[in-house]
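If you're matching them up, the sequences are chains A and B in order. Using this note's numbering, read the first sequence as starting at 1 and increasing by one per residue. Using this note's numbering, read the second sequence as starting at 1 and increasing by one per residue. Where a beta carbon is used, it is the ideal one built from N, C-alpha and C, also for glycine.
Number of protein chains: 2
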Amino acid sequence: MSVPDQTVRAPRSRAPARKARTVGKARRPLPSPTGASHPVSLKRLKSLAGYLIRQAQLWVFEDFNETLAPLDIRPVQYSILTVIRENPGLSQMALSQVLGIVRSGVVPLLDGLESRGLLKRTAHASDRRSHALRLTTDGNALLDRADVLVQQHENRLIQKVGRRGHKQLIEILKVFGKRDDRD
Amino acid sequence: MSVPDQTVRAPRSRAPARKARTVGKARRPLPSPTGASHPVSLKRLKSLAGYLIRQAQLWVFEDFNETLAPLDIRPVQYSILTVIRENPGLSQMALSQVLGIVRSGVVPLLDGLESRGLLKRTAHASDRRSHALRLTTDGNALLDRADVLVQQHENRLIQKVGRRGHKQLIEILKVFGKRDDRD
């Protein structure tokens, strides 16, 4: 299967010069990429939209995680909280389906958010084996703060691709956001 | 940090109906997503390009892995082989930089490809601590076969987003493909 994200990407800061200094080690200058005087060519990879989507996603995750670090909220946690707020009473199964998260993966994620007091599970009205998910007052408050930071993150993405590119991206990629939902 | 990809995404087939049948278990009909009669709303998430990029990337990885399964080549391995073919004699450090893979992550990846006889490391001409990377004859042959399958995968992406959308994607996202290289 795929290599976990955290082993794939070298840590990168939006302010690499500052970061390098804080590491406290003098770095010797890097040799030119090929060990010769030619720059490295990525012609083939850059012609593949799949490769560029992956690179964009790595940037998105890094920037999201840096931006949301003060709240300790990762992308998948933000998605869960947002979907529950938009659909109070949602079942775990529905959440798992709509976000494409395996059920065995969604349980520890919900456990974590519940133990932080951000959501609560109550017995489901129509299916006792299921749980109805709702944000707590704290969960709503945290999500309000998260929304502000997520907008900052999204604004950086707009800076990166331009306002027109950003609109086009949403239009082109919306086909991937469609799951079992019908809205 | 981010949750590894494999825990996040439920396995999905391009032919879910057929797959469900082969599982051999009668599935009871799923309750409606919220446990009520309303479809699940993802309005907020679908307004965020970052969310859609992630969803697109999950689709890309799944389709890539399914398509390349006969060759046992994952996206990161394909990227490595492609960059080495395009830049014979590349150093490990340059490879790591240009693909944004941490050095501790690149070594086992190269070990795996070398043990499959797909690439070889030779002492670097200008830096004895480094290695020069080259594809073997077998590596070149495998990459030729991989390229055919990757094109099939890319064609499915084109079907998904349309030919115009695909062109726009490459144009918009190329900003993320730029690293230390200067081509």
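In chain order, L99 place their CB closer than 6 Å to the CB of S79 of chain B, counting only its own chain and leaving out the 5 sequence neighbours on each side. Contact between the stretch 161–173 of chain A and the stretch 60–70 of chain B is absent: fewer than 3 CB-CB pairs across the two stretches fall below 8 Å. Interface annotation, I170 of chain B: in contact with chain A, CB-CB separation under 8 Å.
Within the stretch 37–54 of chain B, those residues whose Cβ lies closer than 9 Å to any Cβ of chain A are, in chain order, H38, P39, V40, S41, L42, K43, R44, L45, K46, S47, L48, A49, G50, Y51, L52, I53 and R54.
Per the coordinates, the alpha-carbon of R103 of chain B lies some 32 Å from the alpha-carbon of G162 of chain A. For a Cβ distance threshold of 7 Å, residue set I53, L173 and F176 of chain A lies close to A56 of chain B, ordered along the chain. Q77 of chain B is positioned such that its CB atom lies no closer than 8 Å to that of L52 of chain B. Annotation: Cβ neighbours of E86 of chain A in chain B (cutoff 7 Å, chain order): S41, K43 and R44.
Secondary structure within the stretch 124–164 of chain A: the alpha helix (DSSP H) runs of 4 or more consecutive residues, fully enclosed, are 137–161 (chain order).
Annotation: E114 of chain A to K43 of chain B spans about 24 Å, alpha carbon to alpha carbon.
At the C-beta level, V40 of chain B and L157 of chain B stay beyond 8 Å of one another. Within the DSSP secondary-structure output, K120 of chain B pairs in a beta bridge with B:R134. Rounded to whole angstroms, the Cβ separation of L90 of chain A and L133 of chain A is 5 Å, and the two are in contact under 8 Å.
Residues of chain B whose Cβ lies closer than 8 Å to the Cβ of E154 of chain A are, in chain order, L48, A49 and G50.
Residue state for S115 of chain B is assigned as helix, using DSSP reduced to three classes. Taking a Cβ-Cβ cut-off of 8 Å, the neighbours of T82 of chain A in chain B comprise R44 and L45, given in sequence order.
Around the beta-carbon of R54 of chain B, 16 or more other beta-carbon atoms lie within 10 Å, marking it buried.
Taking 8 Å as the cut-off, the beta carbon of L142 of chain B is found closer than this to the beta carbon of L71 of chain B. The beta carbon of K46 of chain A is closer than 8 Å to those of L52 in its chain, skipping five residues each way along the sequence.
L90 of chain B belongs to the set of residues whose beta carbon lies under 8 Å from a beta carbon in chain A.
For V107 of chain B, the closest Cβ of chain A is not nearer than 8 Å. When secondary structure is reduced to three states using DSSP, L95 of chain B falls in the helix class. If you look at P75 of chain B, you'll find it in the alpha helix (DSSP H) that goes P75 to E86. DSSP, read as helix, strand or coil, puts L48 of chain A in coil. The Cβ atoms of L169 of chain B and A49 of chain A lie closer than 8 Å to each other.
Between P88 of chain B and the set B:V148, B:H131 and B:N155, the nearest pair of CA atoms involves B:H131.
Distance check between P75 of chain A and each of A:R116, A:K160, A:K167 and A:D147 places A:D147 closest, using alpha-carbon atoms only. Chain A places a beta carbon closer than 8 Å to that of V60 of chain B, counting this residue as a contact.
For a Cβ distance threshold of 7 Å, nothing in chain A lies close to G139 of chain B: the least Cβ distance comes to about 15 Å. Against K120 of chain B, chain A offers no close residue; the least beta-carbon distance is about 15 Å (beta-carbon pairs closer than 8 Å). Distance from the CA atom of T122 of chain A to the CA atom of Q151 of chain A, rounded to whole angstroms, is 31 Å.
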